[in-house]
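Peer 1:
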Amino acid sequence: MTRRSKPATVQVLRTLSAMRTWTARARGKGETVALVPTMGALHAGHLALVRLAKRRADRVIVSIFVNPAQFAPNEDFSSYPRTWDADAAALSELSVDAIWAPSVATMYPDGFATKLVPGGPALAGLEDKFRPHFFGGVCTVVAKLLLQVAPDFATFGEKDYQQLKVVTAMARDLDIPTKIVGLPTVREKDGLAMSSRNAYLSANERAAAPTLHRVLKQCAAGLKAGQSLAATLDEGTAQIESVGFAVDYLEARHAETLAKIATLADGPARLLVAAKLGRTRLIDNIGV
Ligand code: PAF
């Protein structure tokens, strides 16, 4: 009789000293380390980042920390999905080496008074225009995670495209010797970008949500066929709104700098969208 082997239980690190010991031990053995920073509520997009990390590093550590510093008071910090048991089971199944799960008090102890103020892509007038607190909070926590874990590389999904550019610039500007690796967005069968916030969608909203990706693809095709940028984006915005979204932005930007572009010739171009469906704010983007 064959016995199915139970997945190993992943090691959970909760204190800075445990974290430092773990990383020092890996370094002592000459092993490479990859970090996958997350806020938990893991979905197939996160797991793709983990698989990539596992292919390229000897040791993979996933951080799970819902970072209060990147939520404004009116945002969903308290209701953000927290699915610890399922997350730990999924990471055990993938044989991740460790989870770094610090408390808020560990990351932001009493007297904590230092926050990064990113510029460049963090001031592109996209997410930052609607969530002005966001990239300061992200950069502060990601810088701390990179310094705590000291990984060779860290993976980020392209779904949060501006975040990927901001974190890349931050690591470069602060001489943090971690390579930032981006991975294409993982999508549901109907094209909806995987996101922990998709869990907020009602059945009707879930049915309408793939419109975002469909319209992005349609706009990209139109632009490649020579349509004008302004007309294409106006038409795309109208289509997204017709299924009930309130559009924050639908824009074409330079894929590297996120600067505004007037035509595709100013590219490589990236289309980026953010829109609210009921109380859920979704973002997506594609290359043109
Ligand atoms: O993309 C996320 O899940 C978060 O912004 C990150 C990078 C883990 C920082 O809290």
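Going from the sequence shown to the working numbering is simple: count from 1 and add 199. Cβ coordinates follow ideal geometry from the N, Cα and C atoms, glycine included.
In whole angstroms, give me the CA-to-CA distance for residue 325 and residue 484.
Peer 2: C-alpha separation (whole angstroms): 12 Å.
Peer 1: So does residue 483 have its beta carbon nearer than 7 Å to some heavy atom of ligand 1?
Peer 2: no
Peer 1: With which residues is residue 446 paired in a DSSP beta bridge?
Peer 2: 474
Peer 1: Pull up the CB-CB distance for residue 211 and residue 264, whole angstroms please, since I reckon it's below 8 Å.
Peer 2: Residue 211 to residue 264, Cβ: 12 Å. No contact.
Peer 1: Would residue 346 be called buried (16 or more neighbouring beta carbons within 10 Å of its own) or exposed?
Peer 2: exposed
Peer 1: Quick one: is the Cβ of residue 237 within less than 7 Å of any heavy atom of ligand 1?
Peer 2: Residue 237: yes, Cβ under 7 Å from ligand 1.
Peer 1: Check whether the Cβ atoms of residue 435 and residue 449 lie closer than 8 Å to each other.
Peer 2: yes
Peer 1: I'd like to confirm the pairing. Which residues does DSSP put opposite residue 212 in its beta bridges?
Peer 2: Residue 212 is bridged to 299.
Peer 1: At 3 residues or longer, and completely inside the region 258–331: list those beta strand (DSSP E) runs for me, N to C.
Peer 2: 258–263 and 297–299
Peer 1: Which value, in whole angstroms, describes the spacing of the CA atoms of residue 241 and residue 365?
Peer 2: 22 Å
Peer 1: Can you look up residue 479 in the DSSP assignment and give me helix, strand or coil?
Peer 2: Strand, per DSSP.
Peer 1: Give the secondary structure of residue 225 by DSSP, where H, G and I count as helix, E and B as strand, and everything else as coil.
Peer 2: helix
Peer 1: Give the single residue among 321, 444 and 289 whose Cα lies nearest to the Cα of residue 477.
Peer 2: 444
Peer 1: Can you tell me whether residue 260 is buried or exposed, with buried defined as 16 or more other CB within 10 angstroms of its CB?
Peer 2: buried
Peer 1: For the 8 Å Cβ check, are there 3 or more pairs between the region 380–396 and the region 450–462?
Peer 2: no
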